[in-house]
Amino acid sequence: MTRLAGVALSLALTAPEVASYYFGMLVKGDGWTAAESPELAELQKQHLAYRRRLREMGRLLVNGPLLDDGRIRGVGIYKAASLEEARAWAEADPAVKAGRLKVEMHPWTCLVGRIEK
Amino acid sequence: MKRTSLAVLTLLWTAAGPALAQQAPEPMPEMTTYYFGMLVKGDKWTAAGAESPERVELQKQHLAHLKKMHELGRLLIAGPLLDDGTIRGLLVYKAASLEEARSWAEADPAVKAGRLKVEMHPWMAQKGIIKEP
């Protein structure tokens with residue numbers, strides 16, 4: 115770990131007002147396709163319902179799609195006990211299980227500003 | 396016959412409406428557009444020299460820039476990733492355009508020095524969770 119990351123980490127651990135979160139990206143998976151179909155529409159419906167449930171459970175604080183049609187499809191901030199837990203929640207998404215999307219999860223700390231449900 | 400089934404459908408629709416509304420635990424959240432930025436390693440990135448006075452000074456200027464942008468109400472949240480990869484930090488800006496958000500993020504001394512690089516995307520998210528300064 116670099117010294118700066120170390121400083122950030124110790125800040126996160128010592129300052130009670132600095133909470134630790136997980137930053138999750140949903141990127142194009144191996145099964146990604148731009149084509150439209152009734153199956154995809156149904157999968158998208160399930161995906162949105164699942165993400166909504168994560169939010170209502172307080173596991174996902176804020177999330178939504180990127181609007182520029184690139185590799186990264188959406189991003190969100192999770193509140194979990196560990197990286198593995200946050201990743202497991204994100205990977206239980208029907209669109210991830212179907213291979214349409216892939217999860218990239220990173221530990222993150224909010225140093226400027228505030229985020230809370 | 397047609398009229399009857401239409402009437403039944405209408406009845407079903409109006410009956411189902413309130414029942415569905417009761418089942419929904421929360422109303423659909425209001426969405427808004429933010430600009431989501433990632434600070435990634437720039438061309439001049441180096442892990443070496445972390446303790447050098449120049450690096451310490453640049454980091455100080457970097458943090459001061461973020462604080463100023465926050466105080467101006469432009470930068471809503473910012474913070475570092477803790478896993479030492481390509482992506483160093485996240486920024487959420489409230490701006491009138493992608494170009495505006497990008498220019499604010501690129502005014503960061505660490506970006507100008509080439510240590511960090513900005514990747515900015517328009518982002519739709521729930522309103523009010525990320526607090527406005």
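Protein sequence lines, in the order shown, are assigned to chains A and B.
220 is the number that the numbering used here gives to position 106 of the first sequence; each next residue is one higher, with no gaps.
476 is the number that the numbering used here gives to position 81 of the second sequence; each next residue is one higher, with no gaps.
The C-beta atom is built at its ideal place from N, Cα and C for all residues, glycine as well.
{"Check": "Hey, quick one: how far does the alpha helix (DSSP H) through R169 of chain A stretch, first residue to last?", "Outcome": "152-170"}
{"Check": "Please list the terminal residues of the continuous beta strand (DSSP E) segment that includes L215 of chain A.", "Outcome": "215-223"}
{"Check": "Please report how far the alpha carbon of L197 of chain A lies from the alpha carbon of E205 of chain A, in whole angstroms.", "Outcome": "12 Å"}
{"Check": "For the segment 463-481 of chain B against the segment 213-226 of chain A, do three or more pairs of beta-carbon atoms, one drawn from each stretch, fall closer than 8 Å, so that the two count as touching?", "Outcome": "yes"}
{"Check": "Go ahead and pull the three-state DSSP assignment for P504 of chain B.", "Outcome": "helix"}
{"Check": "Kindly indicate which residue of A:Q160, A:A209, A:L174, A:V189 has the alpha-carbon position closest to the one of A200 of chain A.", "Outcome": "A:L174"}
{"Check": "Ignore the nearest five residues each way along the sequence and tell me which others in Q456 of chain B's own chain have a CB closer than 6 Å to its CB.", "Outcome": "P504"}
{"Check": "Tell me, which residues are paired with H457 of chain B by DSSP?", "Outcome": "Beta-bridge pairing links H457 of chain B to no other residue."}
{"Check": "Three-state secondary structure (DSSP) at R201 of chain A?", "Outcome": "helix"}
{"Check": "Starting from the beta carbon of E240 of chain A, find every residue of chain B whose beta carbon is closer than 8 Å, and list them in chain order.", "Outcome": "For residue 240 of chain A there is no data in the structure shown, the boundaries of chain A being 115 and 231."}
{"Check": "Cα separation between A148 of chain A and E449 of chain B?", "Outcome": "47 Å"}
{"Check": "Strictly below 8 Å CB to CB, what residues from chain B border R220 of chain A?", "Outcome": "Just to set this straight, residue 220 of chain A is His in the shown sequence, not Arg. The answer, in chain order, is L476, L477, D478, G480, I482."}
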